[in-house]
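Step one of this worksheet: look at the structure below.
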Amino acid sequence: MLKSGQMTVKTTDVDLSEIPFWSLPQAERMDAFKRLRQLDRPVFTKENKIPFIGHGPGYYALVRHADVTEASRNAGVFSSEPTANSIADMPRWLAVYFGSMINMDDPRHARLRRIVSRAFTPRILAKMEEDLQRAATRIVDEAIAEGPGDFVTQIAARLPVQVICDMMGIPPRFHPQVLRATNVILGNADAEYTGIRPELTRWNVARGLVKLIAAGRELNRLAARLGRERRGASTGDLTSMLVNGDESLTPQELGSFFILLVVAGSETTRNAISHGLKLLTDNPEQRELLLSDFEEHIPGAVEEIVRYSTPVIQFRRTVTRDHEMNGRLYRKGEKVLLFYNSANRDEAVFTDPDTFDITRHPNPHVGFGGPGPHYCLGAHLARREITVMFRELFTRLPEIRSSGEPSYLLSNFINGIKHMSYTT
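For the sequence shown, the numbering used here assigns the number 145 to the initial residue and increments by one for each residue that follows.
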């Protein structure tokens, strides 16, 4: 049961805090969000009690495009502190690994973003275009040699991890380790990656937290070692740029940034590529349109894939002072969750929002976050990765299609595909 202000809303099948809701087929979940958008105000949902973590009273679910974009712009009221990537306040022993700049407001956020933005200058991105093409070519070469299998593990998951590791200067022998740790961090509720059941018993949560901390420590130590090797020695990679110069990252900041970069950067792109092939297979007229003039239609196709699939489902904000937004009063200290997946299907903004249309224009989706200081720093890179990968696939394997039903990640944070068969 959800509460809308003082009014009880009879949507007992919609409990956004419960794992079973997130195991439903996506069409059913999106229908539930449609019903929530039709209510006169955001619903309040109780938080789960999570052993060893703690919990608050609950949060308001912002499911309309207008609410998500306005809260994103107004970072002074809707704060990313103390945490944006966790519904519960993150304990210090977790924040040491996962307390990156997405959990900060200005001026701390501005300082870190200014430093790490060195990785996304036009000069560096232009150089990366060549690296992207070489990586995509190699991945498709190997997929052709192996034959059709799992599209995610053979193709979609490899490109973004390889690109990010190359950016940081991480040797290829560590790439599988980085991918495994990333799967555990984002799949912490999924038994395939953690080996535990999703029930919130003390034993299950303890085992899950141990695996989560181990994965965070593994990536943190890898980044720290690279930082020590690069400090005082310019090697041209991103790690060298981040630990040298007038402004540089501390070892803890470098570790947290690397976890953010590899998790957010790789997972968003990996899942957009996977969802993209599924969407183009399920909508053959859109696939035919794209292939009729790839360069003309791929920019719109990328935006529509990101809108329709919305790889990152939600982020949290905390209200810093009493504030009225779109007719609703929010009190200081209350939590809100920005549901990007729902905002991207808002009928008030998108015509036929449940239709996949690569010619959609305008397409003001929030698949890379809402407007404001926390808009995805790597959005341009993600667009280029998706474009390069699909260009290589449809040039070399023009008959490639997904087959069967994918295996989806159990998560209320990432709309992920774990495995998906394909044919050529």
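Cβ coordinates follow ideal geometry from the N, Cα and C atoms, glycine included.
What span of residues does the alpha helix (DSSP H) with residue i cover, start to end?
i	result
Ser244	Segment: none, Ser244 is in no alpha helix (DSSP H) and carries neither H nor E.
Leu256	252-260
Ser224	Per DSSP, Ser224 belongs to no alpha helix (DSSP H) and is neither H nor E.
Leu537	523-540
Ser216	209-217
Look at the alpha carbon of residue i and the alpha carbon of residue j, and state the distance between them as a whole number of angstroms.
i	j	result
Pro266	Arg255	20 Å
Glu290	Ile283	11 Å
Gly514	Arg181	18 Å
Met234	Asn247	10 Å
Ser392	Lys355	30 Å
Leu238	Arg185	33 Å
Arg489	Ile329	27 Å
Gly409	Phe494	26 Å
Arg472	Asp211	10 Å
Pro497	Leu206	18 Å
Pro112	Ala325	Past the boundaries of the shown model lies residue 112; the chain is included only from 145 to 568, so the question cannot be answered.
Glu191	Pro292	42 Å
Ala301	Asn332	18 Å
Lys154	Tyr337	Residue confidence is low: Lys154 scores 44 on pLDDT, short of 50, so the model does not pin down where it sits. Its coordinate-derived value is still stated next. Rounded to the nearest angstrom, the two C-alpha atoms are 35 Å apart.
Thr379	Lys479	43 Å
Ala215	Phe222	6 Å
Thr156	Asp275	With a pLDDT of 47 at Thr156, under the threshold of 50, the modelled position of this residue cannot be trusted; read the value that follows with caution. Cα-Cα distance, rounded: 50 Å.
Ala263	His524	12 Å
Asn348	Ile194	10 Å
Phe578	Gly352	The requested residue 578 is not part of the displayed model; the chain covers only 145 to 568.
Asn507	Ala350	42 Å
Arg341	Trp166	14 Å
Tyr566	Tyr484	28 Å
Gly243	Leu435	42 Å
Leu303	Met272	12 Å
Gly376	Val387	8 Å
Val307	Glu172	35 Å
Ser418	Phe402	23 Å
Pro169	Pro251	41 Å
Pro550	Asp466	44 Å
Could you give the DSSP three-state label for residue i: helix, strand or coil?
i	result
Tyr452	helix
His563	strand
His509	coil
Glu549	strand
Arg489	coil
Thr462	strand
Ala300	helix
Met234	coil
Glu391	coil
Leu554	coil
Arg472	strand
His441	helix
Ala280	helix
Asp294	strand
His518	coil
Gly149	Low local confidence applies: a pLDDT of 43 at Gly149 is under 50, so the model's placement there is unreliable, and no value is given.
Report, in whole angstroms, the separation of the C-beta atoms of residue i and residue j, which I expect to be a contact under 8 Å.
i	j	result
Leu554	Asp334	4 Å
Lys422	Met564	7 Å
Thr383	Leu370	5 Å
Asn559	Thr394	Contact flag wrong, Cβ pair sits at about 33 Å.
Gln458	Leu433	Incorrect: roughly 31 Å between the Cβ atoms, too far for contact.
I need the boundaries of the beta strand (DSSP E) containing residue i, first residue and last residue.
i	result
Lys479	479-483
Leu423	Premise fails: Leu423 lies in the alpha helix (DSSP H), 410-426, not in any beta strand (DSSP E).
Ala205	202-206
Inset, instruction - Note down, one range per segment and in chain order, each alpha helix (DSSP H) of at least 4 residues found wholly within the segment 315-367. - result: 319-330, 335-338
Inset, instruction - Let me know the alpha helix (DSSP H) ranges lying completely inside the segment 155-192, each 4 residues or longer, listed in chain order. - result: 163-166, 170-181
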